[in-house]
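Peer 1: I have a structure here, written as structure tokens, and I will follow up with some questions on it.
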Amino acid sequence: MWRGNVVLTLVALVLGMFAVLGNSDSGDGNVEEKELLCKVLTAAETILNNKNADGELYKDELQKAIYGDKFRAKFDRTGSVSVGGYCHTKSLRAQHCKYYTEGQRYFWGGGRDGCFSESLVGTFFCACTPGSPKSKVGDLCGVSTSEYQGGWWSSYSWKKTALFQHVWDRVIQKCTNASGNVANILAELKTLKKSVDSVKEKIKRNGKNNNFYYLGGTGQADCNANNVNEICAGYQGKGEGGLNIPWVNKIENVIHEIKKVEKEKERIPRASDTATSPQAENNAAEAARVEENDAAPLLADPIASRNHEQIREEETENQSANKSSIPDEVPKSRVKRTTTNPSLTDIPHIATNPNEGGSFLTRQKWLLFSILSN
């Protein structure tokens, strides 16, 4: 009998444990979604704040993609939100977090659905803000819900200023702090495009329910956050398997336009790049002189080349100076006739004309002897 009581007691304990677990926090939620959104926000903020990126007209559209439009729901960098006339002021969380394109549903004041989920930061709030206490979420987007001190965003309330600021501080702001200035804008645009594509792939993997795609939750219910499966952002499908996510569309358009501007800058050099400075001209002249000296086979050294040329110039100057101090040279033929050495014609017994055989000198001697003998 006692054995039966023990068994019943053990069964009761096990059932009690399951009951406790069922009413306790159910673990992490939307961790992957938070990481994907964070990568997009980091890359988008880098482009938005980068001084090296041109295309100011497109940065305004990027600003709206990240933080929203003032006529709908616009967020600032503290987590505060201002709601415009085209956003529901008294709607449920599901209507703020589900974006409609076809068959818009209009409520009080002419507002329409999806004013949170149509921006990147608004999507963050839809996926990472605690919902009803009944959702039993332990960690949401990597943060323990106990840090929010019981704050929650229900189906019947949207204006949770303090709660939104806590979510901003603990989740979203960490993504903006990671952004910085980069030199290669095209590379950063590529990073942004890859991050956006990852979000789109995640949404498609969740599947479509009643012509809606979801980021976060299970994708099987409205985004009213009544339970862990309903903490999400939803987007109405477009065509056959197509997505229509306003902030994604804007970012993709910005990527396309800024990429065109950056490539045009690479194709057309700036005036400062083509202008030649005096220093550049001197460097070019020096390079040409060195190249010319290197081409000489015997005078490869520029210093040796200059010394050699200087020596040749000095020799030329010395020769010119010597010529100016010495009278013109006497012709060689005249020097020979005026020399002090006796010539061959001064020797009596040698004839000046080989054909005469010296007869002129012999005839003069016999004539003198004939006169003296008579």
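According to mature numbering (1 follows the signal peptide of the UniProt record, and there is no 0), the residues represented by the sequence shown are -24 to -1, 1 to 350, in order.
Glycine is no exception: its CB is placed at the ideal position from the N, C-alpha and C atoms.
Because the structure is a prediction, the values reported are computed rather than measured.
1) If you pair each beta-carbon of the stretch 168 to 183 with each one of the stretch 142 to 160, do three or more pairs fall below 8 Å?
2) What are the boundary residues of the alpha helix (DSSP H) that Gln141 is part of?
3) In angstroms, rounded to a whole number, what distance separates the CA positions of Ile179 and Tyr189?
4) Figure out for me which residue from Lys136, Asn187, Val204 and Asn182 has the closest Cα to the Cα of Gly195.
5) Below 8 Å between beta carbons: does that hold for Thr122 and Ala41?
6) Nearest-angstrom Cα distance between Ile207 and Val237?
7) Check the C-beta distance from Phe92 over to Cys73 and give it rounded, since I have them as a contact under 8 Å.
8) By a C-beta neighbour count over all protein chains shown, 10 Å radius and 16 as the cutoff for buried, is His142 buried or exposed?
9) Please identify the residue among Lys239, Leu24, Ala49 and Val59 whose C-alpha is closest to the C-alpha of Gln39.
10) How would you write the range of the alpha helix (DSSP H) that Gln101 sits in, first residue to last?
11) Taking only three categories from DSSP, how would you classify Gln212?
12) With Gly127 and Glu9 assumed to form a contact (beta carbons below 8 Å), what rounded beta-carbon distance in angstroms separates them?
13) My output table needs one value for Ala201: the three-state DSSP class, helix, strand or coil.
14) Helix or strand or just coil, what does DSSP make of Arg88?
15) Given this structure, state the Cα-to-Cα distance separating Cys151 from Leu17, to the nearest angstrom.
16) Quick one: residues in its chain with C-beta nearer than 6 Å to the C-beta of Leu165, no 5 flanking neighbours on either side, listed in chain order?
17) Who are Val119's beta bridge partners in DSSP?
18) What residues in its chain sit with their C-beta under 6 Å from that of Thr137, if we drop five residues either side in the sequence?
19) Find the nearest neighbour of Asp145 within the set Gly90, Lys46, Val97 and Ala159, judged by alpha-carbon distance.
20) When you compare only the Cα positions, how much space is there between Arg48 and Ser174?
21) From the DSSP output, in three-state form, read off Asp45 for me.
22) Going by other Cβ atoms of all chains shown within 10 Å of its Cβ, with 16 needed for buried, is Gln71 buried or exposed?
23) Closer than 8 Å, CB to CB, is Asp36 near chain D or not?
24) What are the boundary residues of the beta strand (DSSP E) that includes Val158?
25) With distances taken from CA atoms, which of Lys176, Asn229 and Ile221 is nearest Leu12?
26) Closer than 7 Å by C-beta to Val119: which residues in its own chain qualify, once you throw out the five before and the five after it? Chain order, please.
27) Quick one: is Ala103 buried, meaning 16 or more other Cβ sit within 10 Å of its Cβ, or exposed?
28) Based on DSSP bridge pairs, tell me the residues matched to Tyr34.
29) Taking the continuous beta strand (DSSP E) assigned at Asn68, which residues delimit it?
30) Given Ala197, which residues of its chain have a CB within under 7 Å of its CB, disregarding the five upstream and five downstream residues?
31) Less than 8 Å between the CB atoms is what I'm expecting for Ser108 and Ala209, so what's the real figure, rounded?
32) At the level of alpha carbons, what is the spacing between Leu139 and Gly55?
33) For Thr22 and Lys35, what's the separation of their Cα atoms in angstroms?
34) With distances taken Cα to Cα, identify the nearest neighbour of Lys214 among Asn185, Asn203 and Ile227.
35) Pop quiz: Gly5 and Asp115 are said to be a contact at Cβ under 8 Å. What is the actual Cβ separation, rounded to whole angstroms?
36) Would you mind giving the Cβ-Cβ distance between Lys46 and Val57, rounded to the nearest angstrom? I have them listed as a contact below 8 Å.
Peer 2: In terms of the structure at hand:
1) no
2) Thr137 to Val143
3) 6 Å
4) Asn182
5) As written in the sequence, residue 122 is Ser, which differs from the Thr given in the question. No.
6) 39 Å
7) 5 Å
8) buried
9) Leu24
10) A small correction: the amino acid at residue 101 is Phe; Gln does not occupy that position in the sequence shown. Taken as a continuous stretch (DSSP letters only), the alpha helix (DSSP H) holding Phe101 covers Leu96 to Cys104.
11) strand
12) Between Glu9 and Gly127 the Cβ distance is about 20 Å, and since that is not below 8 Å, they are no contact.
13) coil
14) strand
15) 6 Å
16) Ile231 and Lys235
17) Leu116
18) none
19) Val97
20) 26 Å
21) coil
22) buried
23) Looking at the structure shown, chain D is missing, and only one protein chain is on hand.
24) Per DSSP, Val158 belongs to no beta strand (DSSP E) and is neither H nor E.
25) Lys176
26) Arg146 and Val147
27) buried
28) Answer is none; Tyr34 lacks a bridge partner.
29) A small correction: the amino acid at residue 68 is Leu; Asn does not occupy that position in the sequence shown. Element bounds for Leu68: n/a, residue is neither H nor E.
30) Asn205 and Glu206
31) With a Cβ gap of about 17 Å, Ser108 and Ala209 do not count as contacting.
32) 9 Å
33) 11 Å
34) Asn185
35) 7 Å
36) Going by Cβ atoms, the distance from Lys46 to Val57 rounds to 11 Å, so no, they are not a contact pair.
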